[in-house]
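Chains as they are written, first to last, in the working numbering: chain H, 2 to 358; chain Y, 889 to 1203; chain P, 395 to 711; chain G, 479 to 983.
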């Protein structure tokens, strides 16, 4: 009884205190970019966030980073929380955790009178020009098919066009997983000597990938000549299993992401290749588009489809360019709003074709 | 009112009090949240979660747990989308009815196989997920456009989200059922002492089957509501809803051990959890500390809403 | 025979799985594959050890993934690593283990003294520890440069890494604790009949706090070993540990209602799950259907191994 | 005679209820004190205060003249006070040896680590005292009911070695679940330990109290109302003090004029439950009360549970009003009009944490409802009030939580569940008066007779010979799972108790 009383009072006090100390800047909505990310603890995300932050800071704005842990429901709740108190003219750059939710997110922000650029995920059927077209400015992704293809061809080259490979897939219904598989299949079509021995789901994670690789090694033994890890974490998991078997460097491994760990292994020769997107650039362009439209520098009506739904360039990292890649240091000046706005689509790799999402 | 009656009121209605406190706190911080449009939009977004919370309450009242609800919602979304071109509106009804039957089967199996609900529904979770993956080949399925059920669920009447109206109707029906029907009486008694209820001549397998049918049916309804917003289904579309649903039920004051609580309390619990999430997001805390803030606030909310007088041993 | 089924149901289920997979796959029954199974089972086994004591006491602990991730992050930023300058060497291990113990003890203390079910307390603790891991995470993935830790996964003795040997040692200790210590004996008794123990003057709350603290320590150890295995600190490293661990305990016969089961049973449960995952890959089942098959096997195995316990007058829940 | 233990001016309140009101009690060395009183009179509370389970609000406890605080059972044990529980307090998943020393200071562990060998020796010694020949490392789950009670006793007697001074051993209704030979064995144990212990013995059975006690201490409404040496006991006076009215047994024994139906309601032919009963045949007619009696484990309860659909495996034939009875679960039995009052009130009878009214209405409430599965709490309320009045259930309101009532009132609530419907034809009562005080018992007897008069067929497993003799029209004596005697016309020509006991053992 006493306990209940005390805690009720205590909590009330705490809430009132918390509520009164949090000051909400209801000033210029154009200066605050809401950046929805998967999490903040991986190279890709920190680089992307860095790019967006440079753009916003160059115009005296801020970035509010919101981590959604790859959970679309949490994303939905967070967008709801931001738009609920009123959000006329808010700007968003969001990673829709599942393509199934992209439509809901952009429509929601459209209803609230905001502007959004999306990263990576959209359903095949919807595009920025046909769904909440005034709010959804652009969708910026990386070409997963190309990533799968280029890594596949690199593998083909390394194996001299002959041999069996295994594939560690990402979470199956994620677009990048499907795209990278499509790309790999395209590579196999051009390199018929390369065959897929087995495919399993490593769920983008290192430890499960390691367990699967270990199982494969016992099942197929030295039949395996190459491993496709659909992201870098799984490539590292496969590498760890190969190291255990003393096969590191003998079996070729590819990843995708361009994380520094993997690039270091590429330098040392244990991993063959990985694909790195221009991650900082993606964040910067997404932020610049959202801000530019918001302040009227860019007119949505003037944009073409290829300018609203496009791939960002990416680079294949192999032993040849690994050292150079590690040494690069992005220059903040190149990521200011003005610098990006000068040629927003300079590093576009073209419109996203139909059938890849 | 004397001091004692006030305290009694607080204890009985802990969930309502907490809801009021949090609503006050959040709206002080962001007054815009009290606008009808904002509330409505929050309710619409969270209708799938709320309907799952409503359904999940019934097994918990028995002292059981249904871990398969989120997987069932995803599977239902996938099935509804796949059936929508052929069946039109009927696809939603077929899916919800089918889910209720499967849920009923789950509940009945718990008694027949005498395997705890935790295990049966954990297994069912895997099975539903696998079937969903297999049916869609891990791809997304778009819903056929122009089907009235989905359009209705995605829109509003009298300015209120239809999906949320449906949540209220279902919650109200369940509340009436729990209060006025023999089945409702049996559900509460079952949660208090399963064996005594069985020896009193209650068909416990049927009671359990009903509770699980209700939770599966509501989960499927949640899946249908979800795709009426997203227009796309995938085999994992609702998978992340399991824990929030359980959190909502518990925050509402329904005891995990069974026999105590109710559907309306759970609904209030769900709203509390949603508002806490809103509060944490707009609080301006860095993203890294939001989870910590959410976790701790939820714990405090549960501590306040649990009526300890009615719970014996705390496990 | 019927007695054997009664007492050793889970073991028979495991044997059955092994036989089936050996028949349908040539490579399943090889030394190399058994080693692969043991390697894959090691970390889940450590988690299951911690969880078993908690489950025996009829409580539950959902904070596994958060604690393991948190432990992994603390380890990776306190030993020699590629991001921070801190390097306290192997002292990081006791530090991390203490963090795990502390989280576990906190969960138990809140559950006991605020009188809240452990399910909900540890659920909150799960969210909280995940958040703490994110808070502690430096800007970039810290790579572990402390070779004494990473060697645990790489160095092999007779085809098995030190992680496996460490797990085996821990299992032996856990079995000893279960049989020979007051804590171990009382844990099962608490699950069976807590009021009587309280009346008998047993310090039940201490045993509960100890169980949760030990469990937290086990998850932290799992986080350390995950770090050794993946070589980096990752806030997601613990993801996917919880449900398999609970499923393993339940498969082995550690009932959630408490008072039953034990370390040996839980370890059999872990082996069943890991062999199943391994075997499904070995016999080439469609990856899309794997989770469905796993789910079905969990239900069938538990139903089969507890079939003899069926009584009309029995609480199931 | 020296005083071994005393309570002085003890008061204990639970919320607004005063359970003990300024109670004083002295216990001399080597004395057996019989403690009697109705349910709710404070007997159990006083025992719990002595055992360190409850702390009194005011008052002094002295052990051997010194004032002590008994903060926990452990402290009580260290002071030489041990309680043999009414409800069994053994942990079935632990071994006998562990249970024996569960509530003792940890002498068999060092730094929390068991020393199994030492534990075995010590346990063996304790088991010898109660002449129980089992391995100390047997799990309690493998023991029979009687064996467990002996372990319970041994658990308390092990204080003998632990404490050097004088012991105080408390027995809280130990005989409630024991059969006559077991009771005799218990009494011989009590007599054996008298030389160095004082004993407090609680029972509802006056004959037992008079048999074993040196002094009788009577409680009523939380107060001590009489304290008599055995020599000066006037039984009628004690009953009067206890129940506030004259002893009712004489009247109860008045033969009932039973209207027994010609067609049997229930016929059992050759019913066998492996390991429990074998080849049981009996018939029960409407209006008849058939008493079953036997020692614990004789199988009488199993017959009831089999008819009610609770036995997992059984063979034979059961006819119900001329038709085969196909019942596999209680709901089916209830549908046919069969009711069952289980012996285990707490686990099987009452629905804890729910109200009196929900407990009464759980089975047949729907029969008074609006149809279509909808219930009418308003209509139920009136009917429940009727039963509460008729059975004399003492409860502040029908919305009261059943847990807060005394045992006897709980039992009456559980019984009224079966009387609440319109379709009951056969009622089976399994130890209906277990744990009830004489007042409640005679109330219940009246109800049972009335029900039979209304044409209900009643199958009764009795607690005592007296009870079965009082109520039954016919008696079946069970022994080792078989019928060992069937006695008709009990009301007209009652058999002697000796005759029945002979058939039982």
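Every residue, glycine too, gets a C-beta built ideally from N, C-alpha and C.
Predicted model, so just to flag it, every value in this text is computed and none were measured.
Subject >> Near the ligand PLP: residue 329 of chain H beta-carbon under 7 angstroms from a heavy atom >> reply: With respect to the ligand PLP, the structure offers nothing, as it holds no ligand at all.
**OP:** Pick out whichever of H/107, H/140, H/252 has its Cα sitting closest to the Cα of residue 161 of chain H.
**Re:** H/252
Original post:
On the premise that residue 1166 of chain Y lies in contact with residue 136 of chain H, defined as a C-beta separation below 8 angstroms, what is that separation, rounded to the nearest angstrom?
Top reply: Wrong, their Cβ atoms sit about 21 angstroms apart, outside the cutoff.
Original post:
Can you name the residues that DSSP bridges to residue 486 of chain G?
Top reply: G/538
Original post:
Along chain P, which residues have their Cβ under 9 angstroms away from the Cβ of residue 630 of chain G?
Top reply: What residue 630 of chain G touches in chain P: nothing, since even the nearest Cβ is about 11 angstroms away.
Original post:
Which residues in the same chain as residue 555 of chain P place their Cβ atom closer than 6 angstroms to its Cβ, once the five residues preceding and following it in sequence are excluded?
Top reply: 547
**OP:** Closer than 7 angstroms, Cβ to Cβ, to anything on chain P: give me those residues from the segment 980–1011 of chain Y, in chain order.
**Re:** 998, 999, 1001, 1002, 1003, 1004, 1005, 1006, 1007, 1008, 1010, 1011
Subject >> Cβ pair residue 207 of chain H, residue 237 of chain H closer than 8 angstroms >> reply: yes
Original post:
Counting contacts by CB-CB distance shorter than 8 angstroms, is residue 1102 of chain Y in contact with chain H?
Top reply: no
Original post:
Under a CB-based cut-off of 8 angstroms, is residue 1194 of chain Y close to chain P?
Top reply: yes
Original post:
Given 8 angstroms as the limit, is there contact between the segment 208–217 of chain H and the segment 237–247 of chain H, that is, 3 or more CB pairs closer than that?
Top reply: yes
Original post:
According to the neighbour-count rule (16 or more other Cβ atoms, all chains shown, within 10 Å of its Cβ), is residue 446 of chain P buried or exposed?
Top reply: buried
**OP:** Would you mind giving the Cβ-Cβ distance between residue 651 of chain P and residue 452 of chain P, rounded to the nearest angstrom? I have them listed as a contact below 8 angstroms.
**Re:** 6 angstroms
Original post:
In terms of residues, what are the limits of the beta strand (DSSP E) holding residue 51 of chain H?
Top reply: Note, residue 51 of chain H: premise wrong, no beta strand (DSSP E); alpha helix (DSSP H) at 44–59.
Subject >> Simplified DSSP state of residue 881 of chain G, which is helix, strand or coil >> reply: helix
Subject >> the segment 926–946 of chain Y / the segment 1150–1165 of chain Y touching (three or more Cβ pairs under 8 angstroms) >> reply: yes
Original post:
Would a check of beta-carbon distances place residue 581 of chain G closer than 8 angstroms to chain P?
Top reply: yes
Original post:
Quick one, are the C-beta atoms of residue 83 of chain H and residue 1169 of chain Y less than 8 angstroms apart?
Top reply: yes
Original post:
Is it right to say residue 1120 of chain Y is buried, meaning 16 or more other beta carbons lie within 10 angstroms of its own, or is it exposed?
Top reply: buried
**OP:** Starting from the beta carbon of residue 209 of chain H, find every residue of chain P whose beta carbon is closer than 8 angstroms, and list them in chain order.
**Re:** 634
Original post:
Mapping DSSP to helix, strand and coil, what is residue 1026 of chain Y?
Top reply: coil
Subject >> Of the listed residues G/911, G/896, G/843, G/833, nearest to residue 874 of chain G (C-alpha basis) >> reply: G/833
Original post:
For residue 972 of chain G, which residues from the same chain have a beta carbon less than 6 angstroms from its beta carbon, with the 5 sequence-adjacent residues on both sides left out?
Top reply: 947
Original post:
Mind checking residue 679 of chain P: buried by the 16 CB within 10 Å criterion, or exposed?
Top reply: exposed
Original post:
How would you call residue 795 of chain G, buried or exposed, if buried means at least 16 neighbouring beta carbons within 10 angstroms?
Top reply: exposed
**OP:** Answer with yes or no whether the minimum CB distance from residue 1 of chain H to chain P is below 8 angstroms.
**Re:** Outside the shown range of chain H, which is 2 to 358, sits residue 1 of chain H, and nothing can be said about it.
Original post:
What are the residues of the segment 818–832 of chain G that lie near chain Y, defined by any Cβ-Cβ distance shorter than 8 angstroms?
Top reply: 818, 820, 825, 826, 827, 828, 829, 830, 831, 832
**OP:** Look up residue 795 of chain G in the DSSP assignment and say whether it is helix, strand or coil.
**Re:** strand
**OP:** Can you say whether residue 1062 of chain Y is buried or exposed, counting buried as having 16 or more other CB atoms within 10 angstroms of its CB?
**Re:** buried
Subject >> residue 257 of chain H to residue 327 of chain H span [Cα, whole Å] >> reply: 15 angstroms
Original post:
Should residue 1153 of chain Y be flagged as near chain G, meaning a C-beta pair shorter than 8 angstroms?
Top reply: no
Original post:
Quick one, which residues of the segment 1140–1169 of chain Y are near chain P if we go by CB-CB under 9 angstroms, in chain order?
Top reply: 1143, 1144, 1145, 1146
**OP:** Please classify residue 433 of chain P: does DSSP put it in a helix, a strand, or coil?
**Re:** helix
Subject >> Residues from the segment 550–577 of chain G in contact with chain P, defined by Cβ distance under 7 angstroms >> reply: 550, 551, 552, 567, 569, 570, 571, 572, 576
Original post:
Is residue 724 of chain G close to chain Y, meaning its C-beta is less than 8 angstroms from at least one C-beta of that chain?
Top reply: With a pLDDT of only 37 at residue 724 of chain G, under the threshold of 50, the placement of this residue in the model should not be trusted; the figure read from the coordinates follows. Not closer than 8 angstroms to any Cβ of chain Y, the Cβ of residue 724 of chain G fails to qualify, so no.
Subject >> Collapsed DSSP secondary structure at residue 706 of chain P in the structure displayed >> reply: coil
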